[in-house]
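In my numbering, each residue's number is its place in the sequence shown (first place is 1) plus 55.
All remarks here apply to the structure that follows.
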Amino acid sequence: MRTHETPAATVARFLAAMTPFVIFGLLYVAMRLVPSYTLRPIDIQPIYEAERALFGVAAPDGTLLTPSEWVAAHTTPAADVIAGLSYLMWVPLPLLFAFYLFFTGRRTMAFRFAMAFLVVNIVGFTGYYIHPAAPPWYVAQNGFHLITGTHGNAAGLLRFDDITGIPVFHTIYSGNSNVFAAVPSMHAAYCPVACFYAMKAHERTWTIVLATAAAAICWAAVYTSHHYCIDVLLGLATVVLGLTIFESMLMRTAVFRTLFNRAAEAISGPTPTAPATKR
Numbered sequence: 056m057r058t059h060e061t062p063a064a065t066v067a068r069f070l071a072a073m074t075p076f077v078i079f080g081l082l083y084v085a086m087r088l089v090p091s092y093t094l095r096p097i098d099i100q101p102i103y104e105a106e107r108a109l110f111g112v113a114a115p116d117g118t119l120l121t122p123s124e125w126v127a128a129h130t131t132p133a134a135d136v137i138a139g140l141s142y143l144m145w146v147p148l149p150l151l152f153a154f155y156l157f158f159t160g161r162r163t164m165a166f167r168f169a170m171a172f173l174v175v176n177i178v179g180f181t182g183y184y185i186h187p188a189a190p191p192w193y194v195a196q197n198g199f200h201l202i203t204g205t206h207g208n209a210a211g212l213l214r215f216d217d218i219t220g221i222p223v224f225h226t227i228y229s230g231n232s233n234v235f236a237a238v239p240s241m242h243a244a245y246c247p248v249a250c251f252y253a254m255k256a257h258e259r260t261w262t263i264v265l266a267t268a269a270a271a272i273c274w275a276a277v278y279t280s281h282h283y284c285i286d287v288l289l290g291l292a293t294v295v296l297g298l299t300i301f302e303s304m305l306m307r308t309a310v311f312r313t314l315f316n317r318a319a320e321a322i323s324g325p326t327p328t329a330p331a332t333k334r
């Protein structure tokens, strides 16, 4: 059992445990200051052609389409709702899992997950700048022409807005000024990271929920024309690389592990001491 602590102490430790998520948010916003397309050439047509070559679907007239192009002609209201609900989970669900770990006494695990989440994002954000790439909806809207002032587009998620009558995705994406950050798909990355730590925490229900959400989001990313299959696979590869860097490299480095353990001890708070044995 944990010794009694004041609400203020609990809040302080909770905020400390969640600090990596705050840093992630700040990094995400900071990328708007220096869009990836200002540093390197943007991949528009090559990734489209690679997607067709690897995952192309033949249309009735024999034309080879990307999966996103094929899906655009085979949408259904039910699938639109599922896709929208899936996309709404990409950040909130991992956050809820982190909160759950913290408030059920697994504070060190919550902090470890948050740190890994940050590392995976740093790897993914680096990918944005190494290889800026246009999403499928951009090609559908503009062809292979480069228009750097293009704003974000909710693409297939607008169908969810139309069905529900709530412009949730229009609001989210209309202000996005960096549309050339499709590779890797970080939408595909977040729930798998959380799922990994759910397994480490032996949380069977959370593992199932997060694995299901991960699969749904990967499907929705392609269904709504926000990502190519290539983007999704590279997003999953980012998870593997990020977790390898964190778990197999950083956590095995003496200095980093010492710093992590000190922070984790502060976040966990005092533990009860056994009463002295009378002799």
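Note that beta-carbon positions come from the ideal geometry of N, C-alpha and C, so glycine has one too.
Per-residue burial, residue i [other beta carbons within 10 Å of its own, 16 or more giving buried]
i: residue 82; result: exposed
i: residue 258; result: buried
i: residue 263; result: exposed
i: residue 316; result: exposed
i: residue 135; result: buried
i: residue 240; result: buried
i: residue 281; result: buried
i: residue 247; result: buried
i: residue 168; result: buried
i: residue 115; result: exposed
i: residue 132; result: exposed
i: residue 191; result: buried
i: residue 289; result: buried
i: residue 89; result: exposed
i: residue 364; result: Missing from the structure shown is residue 364; the chain here goes from 56 to 334 and no further.
i: residue 64; result: exposed
i: residue 56; result: Low confidence applies to residue 56: its pLDDT is 44, below 50, so where it sits in the model is not reliable, and the reading given next is rough at best. Label assigned to residue 56: exposed.
Rounded straight-line distance, which links the Cα of residue j to that of residue i
i: residue 123; j: residue 60; result: 53 Å
i: residue 101; j: residue 206; result: 22 Å
i: residue 125; j: residue 267; result: 24 Å
i: residue 330; j: residue 324; result: Since pLDDT at residue 330 reaches only 44, below the 50 mark, its modelled position is unreliable, and the value read off the structure follows with that caveat. The straight-line gap from Cα to Cα measures roughly 19 Å.
i: residue 185; j: residue 95; result: 7 Å
i: residue 180; j: residue 245; result: 13 Å
i: residue 309; j: residue 296; result: 20 Å
i: residue 187; j: residue 66; result: 39 Å
i: residue 211; j: residue 261; result: 28 Å
i: residue 292; j: residue 155; result: 26 Å
i: residue 117; j: residue 127; result: 17 Å
i: residue 74; j: residue 80; result: 10 Å
i: residue 222; j: residue 198; result: 26 Å
i: residue 144; j: residue 252; result: 17 Å
i: residue 105; j: residue 277; result: 15 Å
i: residue 148; j: residue 200; result: 36 Å
i: residue 314; j: residue 235; result: 36 Å
i: residue 231; j: residue 130; result: 25 Å
i: residue 285; j: residue 220; result: 32 Å
i: residue 78; j: residue 86; result: 12 Å
i: residue 110; j: residue 274; result: 14 Å
i: residue 62; j: residue 84; result: 31 Å
Beta carbon of residue i nearer than 8 Å to that of residue j
i: residue 175; j: residue 265; result: no
i: residue 72; j: residue 157; result: yes
i: residue 249; j: residue 152; result: yes
i: residue 283; j: residue 203; result: no
i: residue 195; j: residue 98; result: no
i: residue 312; j: residue 306; result: yes
i: residue 238; j: residue 182; result: yes
i: residue 163; j: residue 319; result: yes
Whole-number beta carbon distance between residue j and residue i, since they are thought to touch under 8 Å
i: residue 216; j: residue 209; result: 7 Å
i: residue 150; j: residue 69; result: Not confirmed; about 12 Å, so no contact.
i: residue 138; j: residue 279; result: 5 Å
i: residue 272; j: residue 142; result: 7 Å
i: residue 243; j: residue 287; result: 5 Å
Contacts around residue i, its chain only, beta-carbon distance under 8 Å, and the 5 residues preceding and following it disregarded
i: residue 107; result: 119, 120 and 121
i: residue 161; result: 256
i: residue 146; result: 245
i: residue 224; result: 139, 142, 209, 212, 213, 215 and 216
i: residue 254; result: 262
Close-in-space but distant-in-sequence residues of the same chain around residue i (CB under 7 Å, 5 per side omitted)
i: residue 301; result: 170, 171 and 174
i: residue 103; result: 121 and 194
i: residue 233; result: 86, 87, 90 and 91
i: residue 229; result: 206 and 207
Residue i: CB within 7 Å of a non-hydrogen atom of the ligand ZN
i: residue 225; result: Absent from the structure shown: the ligand ZN. Ligands present: none.
Within-8 Å CB hit, residue i to chain D
i: residue 76; result: Included in the structure is just one protein chain, with no chain D present.
Contact set for residue i: own chain, Cβ-Cβ below 6 Å, skip 5 residues either direction
i: residue 214; result: 135
i: residue 333; result: For residue 333, the predicted model reports a pLDDT of 43, less than 50, meaning its position is unreliable and no value from the coordinates is stated.
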